[in-house]
Ligand SMILES: Cc1cc2nc3c(=O)[nH]c(=O)nc-3n(C[C@H](O)[C@H](O)[C@H](O)COP(=O)(O)OP(=O)(O)OC[C@H]3O[C@@H](n4cnc5c(N)ncnc54)[C@H](O)[C@@H]3O)c2cc1C
């Protein structure tokens, strides 16, 4: 970067609007936060988003798979996350995956039917796991529908980029933003930073940390694109019958791109998405964002030609369906909250009195068992009246690979929205908010099961008691061995060292 500086003259910024709860960022976390705040009774919510739609990585980055919502027969991640499924189910081709009622079944027919949807846990004993894939365009529309239904409480500001928190001492009073109308401010009683990269928390004086220098999955960017004109089912069959050739085909794609990339099932058989992992790229840096965008696009024609030439039996009619409108951002800066989630949280399942969401972990690690996410993990240290749900949650460099997933972002977003609304209604702050009240609203009114909560059916706890879980249990060992034997266990560091997460998202 150039060493020169420029001193900006002092200026007066017009206040564009005032509200009770301001949510900045309309991704999985921010959209859920705005909806939940309004449903809790807050009539004055603003959702500010830099692009022209909600969903962030999911709808704009084409991250289609919503994984690991259940453990055995119980779906621990419900609330707004489950609502995505039940709403999209009514729309043709908008969602693909087994309903919650099938969770836990080991019926071989069901397992064969849903394996492609990422909806089977391959621990020692395969069983159906509630998980689903979404059509990004349909979800984009449905997210607008959900906001529109609450238009008496939520004002949406698209194409508005939050640039700076307005701080009075350690208390956040609003946000400065940029748009085609110039630089303006929105004043708010509580701000929810749902930007994914802790954009506002970073400038608020609160401590943050970064995953970028680490070898973890979260320090990889992506530009997802979709390929149509071939059958994913036929490709699966061909791969099973030609294992060596399939491996070579995958390696060839990796060589063209210069990073690992793999085709993943979409909600319909005829269009697949190309997930990719571009290591050590910081999605909060211009140079890395540009390299991700251009570097991927410049190779796409060669990738398609390669598929057609080397596997014509599957790909002869394949074509580039489209490219995601925004680059995929797994993680960059994240908050250092009042609690930092670590591997301990699933190794020795930790109980948190301030639990605001269950989050199911990855099967290889923990047989899909849920961990408890505490309110303190979205509460930044030292500042007041800012919450930070979503992928920039407070977690260490190992844990973040498993807790940046969409279900956690939706769950913590929903909880942040309820907490912000309760703080405003009770005249408290994000640091003094009545957490048991937040938990009771989530559990009794917003379909979020929570541990040890009187409004949550006892069967959730019973299921945890009935089934052994935890990183060092026989069940987890069996799951890892089964994956090892099948050659599908991935030690997750990008440079190939031994990692701990086993996460392939
Ligand atoms: C390629 C890829 C594959 C993945 N695979 C999976 C998977 O299979 N399953 C899974 O569960 N997870 C997966 N993940 C992770 C998951 O998609 C993300 O962690 C999750 O969607 C993040 O949600 P979020 O709302 O926290 O952040 P984001 O989705 O990043 O949303 C942030 C929103 O804020 C907006 N914004 C940002 N800054 C500002 C600002 N300053 N002002 C205004 N608006 C702003 C953005 O435009 C965006 O809409 C994957 C991620 C990638 C990139």
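In our numbering, the protein residues as written are 216 to 720.
Even glycine gets a Cβ: it sits at the ideal position worked out from N, Cα and C.
Can you check the stretch 580-668 for any beta strand (DSSP E) of at least 3 residues that lies completely inside it and give the ranges in chain order?
585-589
Which same chain residues end up closer than 6 Å to residue 417 when comparing Cβ atoms and leaving out the 5 residues on each side of it in sequence?
423, 548
Is residue 225 buried or exposed, if buried means 16 or more other CB atoms sit within 10 Å of its CB?
exposed
For residue 272, is the beta carbon positioned less than 7 Å from some heavy atom of ligand 1?
yes
According to DSSP, is residue 292 helix, strand or coil?
coil
For residue 704 and residue 696, what's the separation of their Cα atoms in angstroms?
The predicted model places residue 704 with a pLDDT of 47, which falls under 50 and marks its position as unreliable, so this point remains unresolved.
Mind pulling the alpha helix (DSSP H) runs of 4 or more residues that sit fully within the stretch 345-422?
351-364, 414-417
Where residue 297 falls: helix, strand or coil (DSSP):
helix
Euclidean distance between Cα positions of residue 223 and residue 378:
15 Å
For ligand 1, is there any heavy atom lying closer than 7 Å to the beta carbon of residue 292?
no
What span of residues does the alpha helix (DSSP H) with residue 528 cover, start to end?
527-530
Taking 7 Å as the cut-off, is the beta-carbon of residue 352 closer than that to any non-hydrogen atom of ligand 1?
no
Top-ranked residue by Cα proximity to residue 576, from 569, 301, 584:
584
Own chain residues within Cβ distance below 6 Å of residue 600, not counting five before or after
386, 387, 405, 644, 645
When DSSP labels each residue in this structure, what does residue 509 get in the three-state scheme?
helix
Tell me the rounded alpha-carbon separation between residue 227 and residue 393.
14 Å
Does the Cβ of residue 632 lie closer than 7 Å to at least one heavy atom of ligand 2?
Of the ligands this structure carries, namely ligand 1, none is ligand 2.
Contact under 8 Å by Cβ, residue 294 with residue 271
no
Return the chain-ordered list of same chain residues with a C-beta closer than 6 Å to the C-beta of residue 252, the five sequence neighbours on each side being excluded.
236, 260, 632, 635, 636
To which residues of the same chain is residue 596 closer than 7 Å at the C-beta, ignoring the five residues directly before and after it?
421, 422, 551, 552, 553
With a 10 Å radius around its C-beta and 16 neighbouring C-beta atoms as the bar for buried, classify residue 308 as buried or exposed.
exposed
Any heavy atom of ligand 1 closer than 7 Å to the beta-carbon of residue 650?
no
Just checking residue 264 against ligand 1 - is the residue's beta carbon closer than 7 Å to any of the ligand's heavy atoms?
yes
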